[in-house]
Amino acid sequence: MNVEGLAAGLRAATPTALLPLVVGLRTRLDWRRPAVREDARAQMRFLLEHTRPDADLDAVARAYVRYQARRGELRWHPELLTSLRVEGIEHLLGARDRGRGVVLNFVHHGYYDGAFPSIARLGGRAHMVVHPYMLEPDAPLWLQQHLRVGTAHGGTAVSTAIGTDGLTDLLRRGEIVAIASDVPGRTLLRFAGREVRGSFGAARLAADTGAAVVVMTSEEDADGPVIRLHEPLDPAGADSPQDLLQRMLTIHEAVILRWPEATDLPLSRWGTLDGRVDGETVARA
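Numbering (this note's numbering), first residue to last: 1106 to 1390.
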């Protein structure tokens, strides 16, 4: 067994009662590294600079580091992720039962990885669109585990390689197709108080097929994690596919700005127009 396999085995064997201790230790060790601190500040500055300028950036950045450590441990304990509380399942199942397919729209925030199996357990099995490399047999073990969690209870991972025609076919067959909007693209959007470029795919597919869009958000309340499925958006009710996409992102944005530290690598997922954020160079879309 190689080092990667040994580390994965140790993480999976860690008693769940010890996870808070492990996450706390990882957070303290990571926060001591200047590069980690600066990256965390840049990630959170991207979200909060124009939306919550009075936020304590250091406190939110440290919470972000903690959440990244937590996400890294939880994937090895699927029993903690695959049966999360779900609110609004009737919106998803009702939209599916109309027979036109459903675009289940999400962003990489909170317990998104545990959302799909939790929804599937209640009858909402989805086809989750992923990058082709995620399905390769030599993908990193953590990524393989990430997919195992996401496809528990009967979900299916499908490669972007099937293209628009393949995704359109799934929707026309009445399937639920899960598509993220926070992936680098060419579409001009307004998000977190700045102009960015994101993916047009989910809105375009919905507009072209007439499939309803159900926005999925991951949140926490006094009772713990909750996956919320919002009321369906009818593409026919939007002025344009661009308008539909902006409506989808408005729902996501409100949740993210309440809980920014749970956002996964926002600088890697949104392209900015000038490639810079407050002096920090970021990847162009």
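All C-beta atoms, glycine included, are put in the ideal place defined by N, C-alpha and C.
Worksheet entry | DSSP beta-bridge partners of histidine 1335 | If you number the sequence shown from 1, residue 1335 lands on position 230. DSSP output for histidine 1335 lists no bridge partner at all.
Item to complete: Could you check which residue in Asp1159, Val1212 and Glu1241 has the C-alpha nearest to that of valine 1263?
Response: Translated into positions along the sequence shown, residue 1263 becomes position 158. Comparing Cα-Cα distances from valine 1263 to each of Asp1159, Val1212 and Glu1241, the minimum goes to Glu1241.
Item to complete: Determine the DSSP secondary structure at alanine 1285, reduced to helix, strand or coil.
Response: Sequence index remark: in the sequence shown, residue 1285 carries index 180 (1-based). In the structure shown, alanine 1285 sits in a strand (DSSP, three-state: E or B).
Practice prompt. For alanine 1308, collect the residues of the same chain with a Cβ closer than 6 Å to its Cβ; drop the 5 residues on either side in sequence, then sort them by chain order.
Written response: Residue 1308 sits at position 203 when you count from the first residue of the sequence shown. The residues are Pro1346, Leu1349 and Leu1350.
Practice prompt. Within its chain, find whatever has a CB closer than 8 Å to the CB of valine 1108; leave out the 5 residues flanking it on each side and keep chain order.
Written response: By one-based count along the sequence shown, residue 1108 stands at place 3. Counting only Cβ-Cβ distances below 8 Å, and skipping sequence neighbours, we find nothing.
Discussion item. Is the beta carbon of leucine 1293 closer than 8 Å to that of alanine 1317?
Written reply: The count along the sequence shown starts at 1 and reaches residue 1317 at position 212. The count along the sequence shown starts at 1 and reaches residue 1293 at position 188. Cβ distance not < 8 Å, so alanine 1317 and leucine 1293 don't count as in contact.
Item to complete: May I ask which residues mark the beginning and end of the beta strand (DSSP E) holding serine 1407?
Response: The displayed coordinates of the chain run from 1106 to 1390. Any statement about residue 1407 would go beyond what the structure contains.
Practice prompt. Please report how far the alpha carbon of alanine 1164 lies from the alpha carbon of arginine 1363, in whole angstroms.
Written response: Translated into positions along the sequence shown, residue 1164 becomes position 59. Translated into positions along the sequence shown, residue 1363 becomes position 258. Using only the alpha carbons, I get a separation of about 14 Å.
Practice prompt. Go to valine 1212, then tell me how far its beta strand (DSSP E) extends in each direction, as first and last residue.
Written response: On the sequence shown, position 107 is the one that residue 1212 refers to. Taken as a continuous stretch (DSSP letters only), valine 1212 belongs to no beta strand (DSSP E), as it is neither H nor E.
Discussion item. Rounding to the nearest angstrom, what Cα-Cα distance links histidine 1258 and leucine 1186 in this structure?
Written reply: Within the sequence shown, residue 1258 is the residue found at index 153, counting from 1. Within the sequence shown, residue 1186 is the residue found at index 81, counting from 1. Histidine 1258 and leucine 1186: Cα-Cα distance of roughly 12 Å.
Worksheet item: Cβ atoms of arginine 1352 and histidine 1213: under 8 Å apart, would you say?
Response: Along the sequence shown, one-based indexing puts residue 1213 at 108. Along the sequence shown, one-based indexing puts residue 1352 at 247. No, the pair does not count as a contact, with Cβ atoms beyond the cut-off.
Worksheet item: Is arginine 1201 helix, strand or coil by DSSP?
Response: Residue numbering aside, residue 1201 sits at position 96 when the sequence shown is read from its first letter. Helix at arginine 1201.
Worksheet item: In whole angstroms, what separates the C-alpha of glycine 1110 from that of valine 1128?
Response: In the sequence shown, residue 1110 corresponds to position 5, counting from 1. In the sequence shown, residue 1128 corresponds to position 23, counting from 1. Roughly 20 Å separates the two Cα atoms.
Discussion item. Is it buried or exposed, methionine 1106, if we count other Cβ atoms within 10 angstroms and call 16 or more buried?
Written reply: Position 1 of the sequence shown, counted from the first residue, corresponds to residue 1106. By the neighbour-count rule (16 or more Cβ atoms within 10 Å), methionine 1106 is not buried but exposed.
Item to complete: Go ahead and label leucine 1370 buried or exposed: buried means 16 or more other beta carbons lie within 10 angstroms of its beta carbon, across all protein chains shown.
Response: Here residue 1370 refers to the residue found at position 265 when the sequence shown is read from its first residue. Exposed is the call here.
Worksheet item: Helix, strand or coil: which one does DSSP assign to glycine 1329?
Response: The residue you call residue 1329 lines up with position 224 of the sequence shown. Correct three-state label for glycine 1329: strand.
Item to complete: Determine the DSSP secondary structure at threonine 1156, reduced to helix, strand or coil.
Response: Looking up residue 1156 in the sequence shown gives position 51. Coil at threonine 1156, not helix or strand.
Worksheet item: Could you check where the beta strand (DSSP E) with methionine 1233 kicks off and where it finishes?
Response: Along the sequence shown, one-based indexing puts residue 1233 at 128. Taken as a continuous stretch (DSSP letters only), the beta strand (DSSP E) holding methionine 1233 covers 1231-1235.
Worksheet item: Which value, in whole angstroms, describes the spacing of the CA atoms of glutamate 1280 and valine 1319?
Response: The residue you call residue 1280 lines up with position 175 of the sequence shown. The residue you call residue 1319 lines up with position 214 of the sequence shown. Going from the Cα of glutamate 1280 to the Cα of valine 1319 covers about 13 Å.
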